[in-house]
Every structure is written in C-alpha cells, then in structure tokens.
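Asks: In case it helps, mature numbering (1 follows the signal peptide of the UniProt record, and there is no 0) puts the sequence shown at residues -18 to -1, 1 to 267. Beta carbons are placed, not taken as given, at the ideal position from N, Cα and C, and that holds for glycine. Predicted model only: the values in this text are computed from it and were never measured. Can you read through this structure? Questions will come right after.
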Amino acid sequence: MTTRPLFLFLISSCFLHAAARAEGEAPVATSAPAAAAPEHTFTGNVGFVSDYRFRGISQTWKRPAVQAGFDYNHASGLYAGTWASNVSGNSYNNGAGMEWDLYGGYKLPVTEAVTLDVGALAYLYPGARLNAAPGQPSAHKYDNVDVYAAVTAGAFSAKLSVAATDYFGLASETAGYAYFSALPARGSSRGTAYLDLNYGVELGQGVNAGLHLGHLWVRRYGDLSYSDWKLSVSKALPDLGGLTLALAVVGTDADPALYQAGDSAAQRAKRLGDTGVVLSVSRTF
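As structure tokens, this is what we get:
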C-alpha cells in the first residue's frame, strides 16, 4: 500500500492558537525580575526518519517516514497532544497507511529534579483492518489505548504503559492471523505491559547521547514478548534553522517468525525487529 506524508494532513486538521499574558507593572529596581512562565504553551514538531521503529519494531517495512505533531502544556501540569506518521500497509492492512496518536495527561513536579507523569495514549490507524486471509479484511481494528505512569529523575526516566484494550487487535478471534505466524487462541491481550527505561547525557556543543532499554510483556501470548534497546547520538544545529540530526542503532530479541511482514503480493517478507541503523532529522517550533 502506498504511504503518504502526513504532517500536511495533521497541520490542516489541527489549528492551534496560543496567547501569552503578562501582568503587573515593572518594578522601580534597576534589575528586572525573571519572566513568569506562560500559563499556556503550544509547540510543534516535524521530522523525517529512515525507518520508523516503535518499541524496536519497524512500522514502515524498514522504509522512511515523515512525522509531525503538536503539543499543549498548561502551567498546572496538564497536557495534551497529537502526532502522526506514515506506516506500512504490509503491517497495517486495508487502511490509509497512517498512524494517528492522541494523548493527554498530568505532570507533577515532586522536587526540582523529579517529575511524575500519568496519562493515556490512543494509537489510531484510520481505515485499517486485520486481514483474516490475504485480501480478506476482518472487522477487527489495530487501534490500541495505553494508560501509563512515568517518573523522570535528572537524566533518567522510567515509564510503564499498560494496554487498556486488546493489544493492537490481538484476541482469540484474531490470534490466527494477527501476526506473521498463527498463534493459538488464548483470550484477550488486554493488560499487556511495556517498560521503557531511558538515560540521556549532554556531551557539550549541542551533542547528546542516549541509551534506551525496553521490555514488552504480551499478556496470554508470551511468544510475542521481547526486549529492545537503542543507542543514539544527536546534534542540535541552531545555525540550520534549529534542526536536530540524530543517529541511532536499534535492536530487539523478538521472534523473527512472528515479527515480520510480507508485501501484498506475498513474494517478499522482512524481519521487522532486526538490528538496524536509523537516521533522522527533526525540528521543534
């Protein structure tokens, strides 16, 4: 299935307007006080990646993706956002070749260095349906909703996400065809959990390095559980319009017999969890 660049769609469907207010008169003292943080903050982002990896698994059949998103943050700690990317029709059948995420939550600073975060995230795949057989769409969607809790302490962060729905459509009715190899029907996969651990360090001159470790526990379908990892380095380029370039090495120990996808002609399949190099360029505004 042909995928399409989606940031234009997202920008055309989401119009955000921010207004900042400052109150009070300037003090008589010669040194001005620090400006108060704005009550409402809106940011956007757009990027290009050579391979869109989600929890270590390629979502684009190891091909490039164009991605974009918008975020709103309130001074109280409440936040909401949306993000979109093209995905492969080989993995998400019968749809628009699109992933559209909606999320919201609340961040609570505990100390200057520690922040708690709770929220929910919906992964939507417009029009996509699992194939019961090649070319035979079922009524089952790939859509998934996670609830999550996270803590950030300095350069370290940990996040636990739990599926509040069948995990991307996996249930007894779909176990036979949801993945590349058939699985026995074992019930709902609701409650599947993913642990996301990250550590980042600033190296100076706009260079940052990061380490990610993750593990997915698929409820009732342990064959699908796996660990993933990523080593990354990025460089901010303020003289090039605020672009950020990044290079990452990503890998998993996912079972290749399950985590692969074939093309529509069933002539070629790719292992989606193999170790690979991902290049990206992005900008936040």
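(1) Alpha carbon to alpha carbon, what distance is there between LYS123 and residue 296?
(2) Quick one: what does DSSP say PRO119 is sitting in, helix, strand or coil?
(3) From the DSSP output, which residues share a beta bridge with residue 268?
(4) Answer with buried or exposed for ALA47, where buried requires no fewer than 16 other C-beta atoms within 10 angstroms of its C-beta.
(5) Tell me whether the beta-carbon of GLN41 lies closer than 9 Å to the beta-carbon of TYR74.
(6) Check each candidate in PRO20, HIS22 and PHE30 and name the one with the smallest Cα separation from THR226.
(7) Am I right that ALA153 and SER170 are in contact with their C-beta atoms under 8 Å? What's the rounded C-beta distance?
(8) Looking at the unbroken beta strand (DSSP E) that takes in VAL133, where does it start and where does it end?
(9) Measuring only the C-alpha atoms, how far is ASP53 from ALA110?
(10) Answer with buried or exposed for THR93, where buried requires no fewer than 16 other C-beta atoms within 10 angstroms of its C-beta.
(11) With respect to the beta strand (DSSP E) encompassing ALA50, which residues constitute its N-terminal and C-terminal limits?
(12) From ALA66 to TRP82, what distance separates their C-alpha atoms?
(13) Three or more C-beta pairs closer than 8 Å, one from the segment 190 to 210 and one from the segment 17 to 29: is that the case here?
(14) With DSSP collapsed to three states, give me the class of GLN242.
(15) Please say whether LEU98 and VAL129 have beta carbons closer to each other than 9 Å?
(16) Please classify LEU165: does DSSP put it in a helix, a strand, or coil?
(17) Would you call the segment 213 to 224 in contact with the segment 184 to 193, where contact means no fewer than 3 C-beta pairs closer than 8 Å?
(18) Rounded to whole angstroms, what is the Cα-Cα separation between ASP235 and TYR181?
(19) My output table needs one value for ASP256: the three-state DSSP class, helix, strand or coil.
(20) Between ALA251, ALA157, VAL183 and ASN55, which lies nearest to LEU112 when the distance is taken from Cα to Cα?
(21) Could you tell me the alpha carbon to alpha carbon distance between THR266 and GLY223, rounded to whole angstroms?
(22) PRO220 to SER209, Cα distance in whole Å?
(23) Does the beta-carbon distance from PHE138 to LEU179 come in below 9 Å?
(24) I need the boundaries of the beta strand (DSSP E) containing GLY186, first residue and last residue.
(25) Return helix, strand or coil for ASP210, following the three-state DSSP convention.
(26) Going by C-alpha to C-alpha distance, which of PRO119, PRO238, LEU103 and GLY59 sits closest to PRO91?
(27) Taking the continuous beta strand (DSSP E) assigned at TYR88, which residues delimit it?
(28) For the candidate residues PHE36, GLY173 and ALA50, whose alpha-carbon lies nearest to that of ARG202?
(29) Pick helix, strand or coil for TYR203, following the three-state DSSP scheme.
Replies: On the basis of the coordinates in this document:
(1) No statement about residue 296 is possible, as the shown extent of the chain runs from -18 to 267 and does not include it.
(2) The answer is strand: DSSP assigns PRO119 an E or B state.
(3) Past the edges of the chain, shown from -18 to 267, lies residue 268, and the structure says nothing about it.
(4) Counting C-beta atoms within 10 angstroms of its own C-beta, ALA47 has 16 or more neighbours from the protein chains shown and is therefore classed as buried.
(5) For the 9 Å CB-CB criterion, GLN41 and TYR74 form a contact.
(6) If we check each option's Cα against that of THR226, PHE30 comes out closest.
(7) The pair is a contact, with the Cβ atoms about 5 Å apart (cut-off 8 Å).
(8) Segment 126 to 135, the beta strand (DSSP E) holding VAL133.
(9) Near 25 Å, if we compare the C-alpha coordinates of ALA110 and ASP53.
(10) Classification for THR93: exposed.
(11) Unbroken beta strand (DSSP E) run through ALA50: 47 to 56.
(12) Here the alpha carbon of ALA66 sits roughly 4 Å from the alpha carbon of TRP82.
(13) No contact exists between the segment 190 to 210 and the segment 17 to 29.
(14) Residue state, collapsed to three classes: strand.
(15) Remark: C-beta atoms of VAL129 and LEU98 do not approach each other more closely than 9 Å.
(16) Of the three classes helix, strand and coil, the one that applies to LEU165 here is coil, per DSSP.
(17) Judged by Cβ distances under 8 Å, the segment 213 to 224 makes contact with the segment 184 to 193, as three or more pairs qualify.
(18) In this model, ASP235 and TYR181 are separated by some 21 Å (Cα to Cα).
(19) The answer is coil: DSSP assigns ASP256 none of H, G, I, E or B.
(20) Selected option, being the one with the closest Cα: ALA157.
(21) Going by the C-alpha atoms only, they are around 10 Å apart.
(22) Taken atom to atom, the span from the alpha-carbon of PRO220 to that of SER209 is near 35 Å.
(23) Note that the C-beta distance between PHE138 and LEU179 is below 9 Å.
(24) In the DSSP annotation of this structure, the continuous segment of the beta strand (DSSP E) that includes GLY186 starts and ends at 175 to 186.
(25) Note: ASP210 maps to strand in three-state DSSP.
(26) Looking at the Cα atoms, GLY59 is the closest of the given residues.
(27) Per DSSP, TYR88 belongs to the beta strand (DSSP E) from 80 to 91.
(28) The residue with the shortest Cα to Cα distance from ARG202 is GLY173.
(29) The answer is coil: DSSP assigns TYR203 none of H, G, I, E or B.
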